[in-house]
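Its first residue numbered 22, the sequence shown is counted upward by one per residue in the numbering used here.
Quick reminder that beta carbons are idealized off the backbone N, C-alpha and C, glycines included.
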Amino acid sequence: MKTLAPLILASLACFASTAHAADAPAKPVTMQQVLDASKPSDWRRPDPNDTLYLDLPAGRVVIELAPAFAPLHADNIRTLVREHYFDGLAILRVQDNFVTQWGDPEAEHAERARAFGKASRTVSPEFERVSGPALTFTKLPDGDVYAPEVGFANGLPAARDPKSGKTWLAHCYGMVGAGRDNGVESGSGAELYVVIGQAPRQLDRNIALVGRVVQGMELLASLPRGTGALGFYEKPEQRLPIRSVRLAADVPAAERTPLEILRTDTPTFSALVEARRNRRDDWYKVPAGKIELCNVPLPVRAAPARAGD
């Protein structure tokens, strides 16, 4: 019996270790692990007809338009781009913790303003749209101050009201809007801004959001702040010139910026949201257990080469 005791004890220890391992909860995955485990079908390539290249002296900013929410504005912006309206214009305003804005410095002087060509000077307001099955909405599990529900629709941060049946885009970091005056039809898309600070959600449903910067935010968020009212540049030499704005569809394939964006209607995206709600990697000691709409990252990566590229 003495010779069997060590074997029995070893077996019991092995059994206990195995049972403990089986009972122990699986270690939560990190966002990077979620992305590393993603499948090619979890990613999408933006439509070249809905992708703008804003080329600045320091590099390229890639903007994806949102025709599902602002089809009239998207169409007018495409027309302005193909009329070369933005080429040679400038960054006019950089207001700290708010927006960077670009357009025509002479827009308010009719005799010197840039011609619109075939584009319209007024566009009907597109502050919200009707909800429906055609608009896939991935609802976040936590609440929101500004809307009954928030989540992601067509890859963009959005909010909705089930009672009114309306859905609208949210002013998160990187979102692009069409500046307007007091008139709701004055936002033609000839003057655009991007959110560079804390999400100004009070603007939701008051301005047409027309898309999102998917690459190059550092080129717009790091610019010198304007010293004039609302962050406008006071002197012409302060303005950053725009080399050109083009639709990706009009750019030769060799000159395009191939990108993939994580889809927001997949289990992978839901896993990413959960990983961000409950950060349990080694650095975090107290997981928040909640996440705010504009704190959910929307991953973008270089697209792998494929046949025909």
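Item                                                                                                                     : Value
Alpha-carbon spacing of threonine 248 relative to glutamine 259, whole angstroms                                         : 10 Å
At least three beta-carbon pairs within less than 8 Å, the region 50-68 to the region 316-324                            : yes
Same chain only: Cβ atoms within 6 Å of glutamate 212, ignoring 5 sequence neighbours per side                           : Gly124 and Gly200
Simplified DSSP assignment, three categories, for lysine 311                                                             : coil
Sequence ranges, beta strand (DSSP E) only - wholly within the region 221-288, length at least 3                         : 230-236, 265-268 and 280-283
Reduced DSSP secondary structure (H/G/I, E/B, other) of phenylalanine 290                                                : helix
Distance between glutamine 236 and glutamate 276 (C-alpha atoms, nearest Å)                                              : 15 Å
Straight-line gap, valine 317 to serine 265 (C-alpha atoms, nearest Å)                                                   : 31 Å
Residue range of the unbroken beta strand (DSSP E) whose run includes alanine 111                                        : 111-115
Nearest residue (CA-CA) to glycine 204, options Val144, Asp225 and Phe290                                                : Val144
Per-residue DSSP class, three states only, for alanine 42                                                                : Because alanine 42 carries a pLDDT of 47, less than 50, the predicted location of this residue cannot be relied on, and no value is offered for it.
Extent of the continuous alpha helix (DSSP H) to which valine 83 belongs                                                 : No alpha helix (DSSP H) holds valine 83; the beta strand (DSSP E) holding it covers 80-86.
Close-in-space but distant-in-sequence residues of the same chain around arginine 301 (CB under 7 Å, 5 per side omitted) : Pro49 and Pro308
DSSP beta-bridge partners of tyrosine 194                                                                                : Its beta-bridge partners do not exist; DSSP assigns none.
Own chain residues within Cβ distance below 6 Å of arginine 114, not counting five before or after                       : Gln122, Gly247, Gly252 and Phe253
Cβ pair valine 102, leucine 268 closer than 8 Å                                                                          : yes
Buried/exposed call for proline 169, threshold 16 Cβ in 10 Å                                                             : exposed
Assumed close pair aspartate 165, alanine 180 - CB separation to whole angstroms, cut-off 8 Å                            : 7 Å
Where proline 273 falls, given that 16 or more other Cβ within 10 Å makes a residue buried                               : exposed
Close-in-space but distant-in-sequence residues of the same chain around cysteine 193 (CB under 6 Å, 5 per side omitted) : Pro178, Ala220 and Cys315
Where arginine 301 falls: helix, strand or coil (DSSP)                                                                   : coil
Contact belief for glycine 198 with leucine 230 at Cβ below 8 Å, rounded distance in angstroms                           : 5 Å
Presumed contact (8 Å Cβ cut-off) between glutamate 149 and arginine 233, rounded CB distance                            : Not really, about 17 Å apart at Cβ, beyond 8 Å.
The region 86-100 in contact with the region 290-304 per 3-pair CB rule at 8 Å                                           : no
Start-to-end residues for the beta strand (DSSP E) that takes in valine 171                                              : 170-174
Between the CA atoms of phenylalanine 158 and arginine 135 - distance to the nearest angstrom                            : 39 Å
Closest by C-alpha distance to alanine 87, when choosing among Phe107, Phe173, Glu104 and Glu127                         : Phe173
For valine 55, the three-state DSSP class (helix, strand or coil)                                                        : helix
Which of helix, strand or coil DSSP assigns to alanine 296                                                               : helix
Residue span of the beta strand (DSSP E) that contains threonine 72, given as start and end                              : 72-77
Isoleucine 263 and glycine 109 closer than 8 Å at C-beta                                                                 : yes
DSSP state of valine 120 mapped onto helix, strand, coil                                                                 : strand
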